[in-house]
Each structure stands twice: as C-alpha cells, then as structure tokens.
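Asks: Here the sequence shown stands for residues -34 to -1, 1 to 297, numbered as in mature numbering (1 follows the signal peptide of the UniProt record, and there is no 0). Think of the CB as a built atom: it goes at the ideal place given N, C-alpha and C, for glycine as much as any other residue. Take a look at this one; I'll ask things after.
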Amino acid sequence: MKISDVYAALSRVAGPRIALLMALAVSGTGPVWAQQASSSADVATGDDTSSCQMCVLWNTPVDPFRIYGNTYYVGSRGLSSILVVTSQGLVLIDGGLPDTASMIATNIIALGYPLSAVKYILNSHAHYDHAGGIAELARESGARVVMSPWSADVLRHGHSGPADPQYGALPSFPSLSVVQTIEDDHAIQLGDVRFTVHYTAGHTPGGTSWTWRSCENDRCADMVYADSLTAVSAPGFRFSAATSYPQVLKDFERSFATISKLDCDILLTPHPEASAFWQRREAQLDGSIANPYVEPGACKLYVDIARKKLQERLASEQAPPPVAAPGPVQH
C-alpha cells in the first residue's frame, strides 16, 4: 500500500498532521521508500551512473523552495540537497549524483545566491547518489567539503572499500583530493548557524547526520538531516555475519539511539520520500497544514521503522534457502 493512499484515508478521520505519522507507521514501507524503490540501483554494477536504473527518476528536476526559515531545498525529486543560509554564507548538504551537480548549482543561483557564497559542503554518506556531485560543486564554488574520516577517504578515491555493505555493487563517482574531516559530535560554525555532526553508521561505516536550528516568525525549529538507516547490501553480504564490517549491527543500534535522542522538530533525509517530504510539500503548497514539515515525532518513527526493517533483513538471512524443484524421474 502506498503512503499517499494511507495518508488520504487517515486524513479524513485523524486530521492531516496526525495522518502523516500514522500513514508512515501503518504502511511500514513508507519511510524507507527510497531504498526499497531503488533496490535495483543499490545493487547495480558498473563504473558509472549509466548502470543506475533509478537515476533518471531520482534526477527529475524540481524548482528550489524554502522549507523553513533559512533552510531551502535545492535537490532533485529523488535526491535531497539542502541549502542553509547563514549571516556569512551558505552551507550545502549533499551533492546528489554527478549529473545532479549542475541542477543544484542552477537552483542555488535561482534563489539569488552566487555559487561562491557556498562556504561548506557537508555529506550524509559517500555513495554516488549523495556524494557524486560534490567534487564538481566544490570546484565551482570553492567551498570546503567536510565529512567523516571514512567518507572522506571514499570521496578521495571515488569509490568505497570492502567494509561498505554495498561494496562492488555501486558505480564509482568523481573524486576530490582535498576533504576536511570532522569528529563525532563536533560542530562547524558559519555566521549565526552552528552545524553539529552525529556519526550514524550502519548503512555505510561513515554515515553522518547533521543538526542545526532554523527560525521563522520568531519560532526556531530543531532541524535534523538524518542519514539513511536501511540495511541495503550487495549480493552476498550478510548483516548477521559481516566479516568485512563486523561492527555493523552495533553501529546500527548506536545510530538508532543517536537519532532517537536528537531534538527533532523537522526531519529531512537523503532520499526525500523517506521522511514523507513530498506529502509535506503538497500540504505546504495548498496551505492545508500550518508548518507541515514540523513533526516532533518524526525522528523516533523513522528509527522505529528502520529497526523493524533491520530485524526483517536479519530474519531473512536466517531463513533456509528455497528447496529446488525435483528433476524429472529417471526410469
């Protein structure tokens, strides 16, 4: 069942805001739509994004718009890129695919800012669909790129190593030699906005989530850009027995705990549908809900569903292989 179908039914009896949360919970698959819908791309092989079956859909252009306060959406339909305006320049989070870079740049300029105003580029995790455009955006803007040490090493090489659950099954992407690293729970201050990093490994060994505050009409909201929490892998990788990433389950549990404890008024995610983003955008456009992105329970729900999906994945790994059909009887 689609989130939109559940949402439409529940909104008639529960009201639109509560319906968003209930629709995610009831449908179960909703907040991890991005990774489920992209499963074929997540296990694609090849050296470039031509092997990505979902890239054209992900890269559908959208016009930039304000989410809340000084926080804007400048990404594509299926891949988030978030722009935060500070008193001393811009901060961009995630760079989409290699082909998304020009779209992001165009969207930033459409908002009235030169690319040179981008001072920092941050990242959720170093896969081709979220870090693929970072090298070009950094060169064009002159911005500093800041990532976890593991992700920084991936960007320097343009591909991940064996510890990545999706190692060997994802396209490579343009590399960047100069990448600044940041330690867990440390922060970057640019002007009047402070961005704090939270290590949230599991989906990759170097995943990070970012928090900051945005204010609108005298109300300040705690913003959370939460990394993907899905147990997606290349064929043959087992989360229950991951010799190349033995701490993966501990990392997932730590990440679940981290995101659950964050002050979280507005949840944003690398794949926008993972946080019902476009349903909220529709409510913003039609005015049916005041501040539709504000949903303090969204982070905990995001974690609850990710934990459920991880348990389902682990259970599937323990299931016996299907029994082959018997061959023809020999006489």
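Might you give, ordered along the chain, the residues of its own chain that have their beta carbon closer than 8 Å to the beta carbon of residue 40, omitting 5 neighbours on each side?
Replies: If we look at residue 40 and ignore the five residues flanking it on each side, its Cβ neighbours are 30, 47, 48, 49, 58, 70, 73, 74 and 77.
Asks: How would you write the range of the alpha helix (DSSP H) that residue 247 sits in, first residue to last?
Replies: It spans 243 to 252 - the alpha helix (DSSP H) in which residue 247 sits, taken as one unbroken run.
Asks: For residue 55, list the residues DSSP reports as bridge partners.
Replies: According to DSSP, residue 55 bridges with 52.
Asks: Using DSSP's beta-bridge definition, name the partner residues of residue 284.
Replies: In the DSSP output, where bridge partners are listed per residue, residue 284 has none listed.
Asks: Taking 7 Å as the limit between beta carbons, can you name the residues of its chain near residue 42, skipping five residues before and five after?
Replies: So the list reads 24, 25, 26, 27, 28, 62, 66 and 69, once near-sequence residues are dropped.
Asks: According to the neighbour-count rule (16 or more other Cβ atoms, all chains shown, within 10 Å of its Cβ), is residue 143 buried or exposed?
Replies: Burial call: exposed.
Asks: Quick one: grab the DSSP three-state call for residue 71.
Replies: The answer is helix: DSSP assigns residue 71 an H, G or I state.
Asks: Verify whether the separation of the beta carbon atoms of residue 170 and residue 237 is less than 8 Å.
Replies: No; because the gap between Cβ atoms is not below 8 Å, this pair is not in contact.
Asks: Measure the C-alpha to C-alpha separation of residue 285 and residue 206 and round it to an integer number of angstroms.
Replies: One C-alpha to the other measures close to 12 Å.
Asks: Let's test the definition: count the other Cβ atoms within 10 Å of the Cβ of residue 150 and tell me whether it reaches 16, buried, or not, exposed.
Replies: Exposed, since its Cβ has fewer than 16 Cβ neighbours within 10 Å.
Asks: Reducing DSSP to helix, strand and coil, say where residue 277 ends up.
Replies: Three-state result, residue 277: helix.
Asks: For residue 125, which residues in the same chain have their Cβ closer than 7 Å to its Cβ, ignoring the five residues on either side in sequence?
Replies: Around residue 125: 138.
Asks: Relative to the C-alpha of residue 249, which residue among 240, 259 and 241 is closest?
Replies: When each option's Cα is compared against that of residue 249, the closest is 259.
Asks: Cβ atoms of residue 107 and residue 81: under 8 Å apart, would you say?
Replies: Their beta carbons are under 8 Å apart, which means residue 81 touches residue 107 by this criterion.
Asks: Taking three-plus beta-carbon pairs below 8 Å as touching, is the stretch 151 to 160 in contact with the stretch 184 to 198?
Replies: No, they do not touch.
Asks: Determine the extent of the beta strand (DSSP E) in which residue 164 is found, giving its start and end residues.
Replies: Start and end: 159 to 165.
Asks: Could you tell me the distance, in whole angstroms, from the CA atom of residue 202 to the CA atom of residue 247?
Replies: For residue 202 and residue 247, the distance between alpha carbons rounds to 38 Å.
Asks: Within 8 Å (strictly less), CB to CB, does residue 263 reach chain B?
Replies: No chain B is part of this structure, which consists of one protein chain only.
Asks: Starting from residue 38, follow its DSSP beta bridges and name the residues at the other end.
Replies: DSSP, once it has assigned bridges, lists 32 and 49 as partnering residue 38.
Asks: State the beta-bridge partners of residue 372 as determined by DSSP.
Replies: Examination of residue 372 is not possible in this model, given that the chain is present from -34 through 297 alone.
Asks: Once DSSP output is grouped into helix, strand and coil, what is the label at residue 23?
Replies: It is helical.
Asks: Identify whether residue 92 lies in helix, strand or coil by the three-state DSSP scheme.
Replies: Three-state result, residue 92: coil.
Asks: Using DSSP with H/G/I as helix, E/B as strand and the rest coil, what is residue 181?
Replies: It is a strand residue.
Asks: How is residue 63 classed by DSSP in three states: helix, strand or coil?
Replies: Looking at residue 63 - three-state DSSP - the assignment turns out to be coil, as it is neither helix nor strand.
Asks: Mapping the DSSP letters down to three states, classify residue 109 as helix, strand or coil.
Replies: Coil.
Asks: Kindly indicate which three-state DSSP category residue 145 falls into: helix, strand or coil?
Replies: Correct three-state label for residue 145: coil.
Asks: Are residue 275 and residue 197 closer than 8 Å when you measure CB to CB?
Replies: A contact, by the Cβ cut-off of 8 Å.
Asks: Just the C-alpha distance for residue 182 and residue 232, rounded to the nearest angstrom, thanks.
Replies: Going from the Cα of residue 182 to the Cα of residue 232 covers about 13 Å.
Asks: Rounded to whole angstroms, what's the CA-CA distance from residue 211 to residue 98? Just pull it up for me.
Replies: Answer to the nearest angstrom: the Cα atoms are 23 Å apart.
Asks: What is the DSSP secondary structure of residue 87, counted as helix, strand or coil?
Replies: Strand at residue 87.
Asks: Could you name the residues of the same chain whose beta carbon sits closer than 6 Å to that of residue 134, not counting the 5 residues immediately before and after it, in chain order?
Replies: So the list reads 200, once near-sequence residues are dropped.
Asks: Please classify residue 282 as buried or exposed, where buried requires at least 16 neighbouring CB atoms within 10 angstroms.
Replies: Looking at its Cβ environment, which holds fewer than 16 other Cβ atoms inside 10 Å, residue 282 is exposed.
Asks: Closest to residue 45 by C-alpha separation, out of 104, 216 and 93, would be which residue?
Replies: The candidate whose alpha carbon is nearest that of residue 45 is 93.
Asks: With distances taken from CA atoms, which of 130, 141, 34 and 18 is nearest residue 300?
Replies: Lying before the first or after the last residue shown, residue 300 is absent from the chain, which here runs from -34 to 297.
Asks: For residue 89 and residue 121, I'd like the C-alpha separation in whole angstroms.
Replies: When rounded, the distance between both Cα atoms is 10 Å.
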